[in-house]
Every structure is written in structure tokens, then in C-alpha cells.
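Residue numbers (the numbering used here): 2 to 65.
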């Protein structure tokens with residue numbers, strides 16, 4: 002399977018604080034995949050959404 006990493010994005014304002022006191026930063030990882038096998042799935046624990054986007058849907062983040 003041929004994949005290429007496009008970007009990894011996270012910022013300080015993506016900090017999530019859970020009711021139990023745990024904290025984590027939301028991270029977005031973008032890849033280009035030229036092939037795909039299987040079915041994407043949501044487990045209800047670690048993932049809440051899964052899908053494919055065309056390149057026209059991407060937003061370019063630039064740090065200042």
C-alpha cells in the first residue's frame with residue numbers, strides 16, 4: 002500500500018480536559034493514500050468519525 006504523510010497538526014488550543022482529570026491534545030494527521038483495503042470503522046472509544054476527503058476539502062495551516 003502506497004501512502005505519503007502530508008502533515009501532522011496540533012495547537013495549544015486543542016487541549017481537551019476530560020471529567021476524570023485526563024488531558025490530551027487533539028492531533029490531525031493527513032495522508033495521501035493511493036490504495037486502500039478493508040473497511041474503515043468507528044469503535045466508539047478511540048474514534049468518533051472516519052472518512053475520506055478529496056484534496057479540495059483540505060485547509061492549509063500556516064504558522065506565523
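The beta-carbon is built from N, C-alpha and C at its ideal position, and this holds for glycine as well. All values derive from a computational prediction rather than experimental measurement.
Leaving out the 5 sequence neighbours to the left and right, which residues in its chain are closer than 6 Å to residue 4 when beta-carbon positions are compared?
For the purposes of this step, residue 4 is taken as residue 3 along the chain shown, with counting starting at 1. Excluding residues within five positions, the ones whose Cβ falls inside 6 Å are 32, 34.
Less than 9 Å between the C-beta atoms of residue 28 and residue 51, yes or no?
What you label residue 28 is simply residue 27 of the chain shown in a count that begins at 1. What you label residue 51 is simply residue 50 of the chain shown in a count that begins at 1. Cβ distance not < 9 Å, so residue 28 and residue 51 don't count as in contact.
By the three-class DSSP mapping on this structure, what secondary structure does residue 56 have?
Indexing the chain shown from 1 puts residue 56 at position 55. If DSSP states are grouped into helix, strand and coil, residue 56 belongs with the helices.
Kindly indicate the opening and closing residues of the beta strand (DSSP E) around residue 16.
Working through the chain shown from its first residue, we reach residue 16 at position 15. Start and end: 16-18.
Tell me which residues share the same chain as residue 41 and place their Cβ nearer than 6 Å to its Cβ, disregarding the 5 neighbours each side in the sequence.
Within the chain shown, residue 41 is the residue found at index 40, counting from 1. Taken in chain order, the residues that qualify are 51.
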